[in-house]
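A.B. asks:
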Amino acid sequence: MLTFVLLIALQQCYAIQLTMYTVPWCGHCQKLRAELDKSTFVPTLNEWNIGHSVNEAGPLLAPKLAVDVSFVNCEEEKEVCESVGVFGYPEIVASVEPVEEAEADARNDDALLAPFVHASLSQLPLKYPGRDRSAAAIGEWIRSLASPPALLVSSLADGYTSLDRRVDSPVLTLTCANLDQRLSFLRDQETALLPLIVDATTVGTPLLSLVDDGVDACRLAYQASLDATPTVLPPAAATGGALATWLADARTPLCDEHSIAAYGLGRPFLFMHLIADDLANDPSSASAQAHATLCTVSSALRAENVSLRFAWLSHKKWSGTRAGLSGKVYPSVHIDDIRHVNSRYVLPEDVDLTGKEGVRALTTFARAFEAGELTKARVSEPVPEDDVEEAGRVRSLVLSSFDEAVLGRPHGTLVMFHSPSCGTCQTTYPVFEGLAREFAAQWPSTLRFARANAWENDWQFDVTGVPDFRYFAPDGTVTEYHDTDFTAEGLGAWIENVLGVSRKVAKSEL
């Protein structure tokens, strides 16, 4: 009889510790804190579709859930924030903590695995990965963290025939000689297998099928679904960190529509932009034929162990203009190497992506990326119509105007990299404008002030957080502002220091 036991025992009670790392000057932090203070984050457990055990033992018990929200002031607790790796505000971190001991299911031998995984869950920190830092979005993230059937274990006796409710779930099949060997393998590979249990970005809800066949060495295979062809773990990847890499790769679809879950794997992606309706309804369309090319190339290059992964994007969701495409030609292709800032590569849009020529062109493009032979695309916003250089005025710069306006000039330029969605940037900008007028009054030919959108231009240097202040000197040196004091006093004192001047106005009058 095929039965299931949750590794995370469902009689257990969970506490999720949600910590927000903030600073007093962050306006968005203050707004979000007010939202979090009044939010309960209590999920509706019956929406999780927990399911039933297939031996008709009745519904699996739902866990109770508690969420505790706390706040850390990073100006007062700098060492704590540094230890967590806080680089921007607000930084939101969740820890999943089992409160009560799991109760093993005495009816199933595989319940012996529950304490092993149960101990692993304690104090596992997870950073909130989204850009939407509203209480509603964070609540959805918490729901995904606490979603009960994170990993199911099966004792296989008569095949997968009883898995009708979970036929589309990914399956890992671990075949060993006996239960002891099985447990030993899982304990050795705890680090690699644990993300399947607690990582909110996993692709699908994996089942782990356990089989005993008397063979000495354990073997692991992955299937995207029960009817898919298994991918067998190479012997060289059976131990150590190689297993985690293999699992991540095996669980990345060959040529499916792109998902945030797959994007979180840390691999560079080759994206094909398609018209989704044509792909779904017209097999003779350019989008459908190009998608066939994508699948062919993905399958061939995956066998060569390339770093690239392949997916398609709907033209309704993303036009591709941010990557350097026109947004008017479909199908089209670009590569996004998320391992590096602003690393995108564009295939010329006049390339035929259908048939044998398409396979040849896409393969050549992918291999050129692997060999480091491609040139990065550099996307720039349009130059503003009112782009005028004037002392005391904050000029708006884009990538295409940056070099001429900043580099090799007789004066230095202080640039504020910002984002329109950044609350701190919005509150700091009036301070920046005031400093521009003040310094222009005393040193009109020494310094210029400018601002630039950090995310809508492919800068040649890394901008990983906003606001970001950098002084570009006439001799080409660049000085970055590393403090978090964005007041007129704090920024003004830093500008004085890099210029080697002292303002006549008293700081108390700022």
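Letter by letter, the sequence shown follows residues -15 to -1, 1 to 495 in mature numbering (1 follows the signal peptide of the UniProt record, and there is no 0).
Cβ coordinates follow ideal geometry from the N, Cα and C atoms, glycine included.
State the CB to CB distance for the pair Pro18 and Ile77, rounded to an integer number of angstroms; the pair is presumed to be in contact (CB under 8 Å).
C.D. replies: Note on identity: in this sequence residue 18 is Arg, with Pro being the wrong assignment. With 8 Å as the limit, Arg18 and Ile77 do not qualify as a contact, their Cβ atoms being about 11 Å apart.
A.B. asks: In its own chain, which residues sit with a C-beta less than 6 Å from the C-beta of Asn482, not counting the 5 before and 5 after it?
C.D. replies: Counting only Cβ-Cβ distances below 6 Å, and skipping sequence neighbours, we find nothing.
A.B. asks: From which residue to which residue does the alpha helix (DSSP H) around Tyr412 run?
C.D. replies: The question names Tyr, but residue 412 is Thr in the sequence shown. Residues 408 to 427.
A.B. asks: Between the stretch 317 to 334 and the stretch 249 to 267, do at least 3 Cβ pairs fall closer than 8 Å?
C.D. replies: Output reads yes: the stretch 249 to 267 touches the stretch 317 to 334.
A.B. asks: To the nearest angstrom, how far is the alpha carbon of Ala120 from that of Tyr414?
C.D. replies: Approximately 26 Å between the Cα atoms of the pair.
A.B. asks: Could you pull out every residue in the same chain whose Cβ sits closer than 8 Å to the Cβ of Phe72, ignoring the five residues on either side in sequence?
C.D. replies: The residues are Thr449, Gly450.
A.B. asks: Below 9 Å between beta carbons: does that hold for Asn438 and Pro395?
C.D. replies: Contact: no.
A.B. asks: Helix, strand or coil for Asn482 per DSSP?
C.D. replies: In the structure shown, Asn482 sits in a helix (DSSP, three-state: H, G or I).
A.B. asks: Run through the stretch 357 to 411 for me and flag every whole beta strand (DSSP E) of 3 or more residues, listed as ranges in chain order.
C.D. replies: Entirely contained in the stretch 357 to 411, the beta strand (DSSP E) runs reaching 3 residues are, in chain order, 379 to 382, 397 to 403.
A.B. asks: With DSSP collapsed to three states, give me the class of Cys467.
C.D. replies: It is His, not Cys, that sits at residue 467 in the sequence shown. If DSSP states are grouped into helix, strand and coil, His467 belongs with coil.
A.B. asks: Any idea if Asn442 is buried or exposed, counting beta-carbon neighbours within 10 angstroms, 16 or more meaning buried?
C.D. replies: Buried.
A.B. asks: Do Trp10 and Ala471 count as a contact pair if the criterion is CB distance below 9 Å?
C.D. replies: The sequence as given places Phe at residue 471; Ala does not occur at that position. Closer than 9 Å, so yes.
A.B. asks: When DSSP labels each residue in this structure, what does Gln208 get in the three-state scheme?
C.D. replies: In the structure shown, Gln208 sits in a strand (DSSP, three-state: E or B).
A.B. asks: May I ask you to verify whether the stretch 340 to 348 touches the stretch 361 to 376, counting CB pairs closer than 8 Å and requiring at least 3?
C.D. replies: Touching, no.
A.B. asks: Could you give the first and the last residue of the continuous beta strand (DSSP E) run that contains Leu259?
C.D. replies: Start and end: 254 to 259.
A.B. asks: Given a threshold of 16 other Cβ atoms within 10 Å of its Cβ, counted over all protein chains shown, does Asn93 qualify as buried or as exposed?
C.D. replies: Only weak support exists for where Asn93 lies, its pLDDT of 38 falling under 50; the value from the coordinates is given anyway. So Asn93 counts as buried.
A.B. asks: Taking buried to mean at least 16 other C-beta atoms within 10 Å of its own C-beta, is Arg422 buried or exposed?
C.D. replies: Exposed.
A.B. asks: DSSP state of Ile323, grouped into three classes?
C.D. replies: Reduced to three states, the DSSP call for Ile323 is coil.
A.B. asks: Among the residues of its own chain, which have a CB less than 6 Å from the CB of Ser284, if the five just before and after it don't count?
C.D. replies: If we look at Ser284 and ignore the five residues flanking it on each side, its Cβ neighbours are Leu239.
A.B. asks: Of all the options Leu298, Phe457, Leu279, which has the alpha carbon lying nearest to the alpha carbon of Ala261?
C.D. replies: Measuring from the Cα of Ala261, the nearest candidate turns out to be Leu298.
A.B. asks: In whole angstroms, give me the CA-to-CA distance for Ala99 and Ile123.
C.D. replies: Only weak support is given to the placement of Ala99: the predicted model assigns it a pLDDT of 39, under 50, and the value that follows is read from those uncertain coordinates. Approximately 28 Å between the Cα atoms of the pair.
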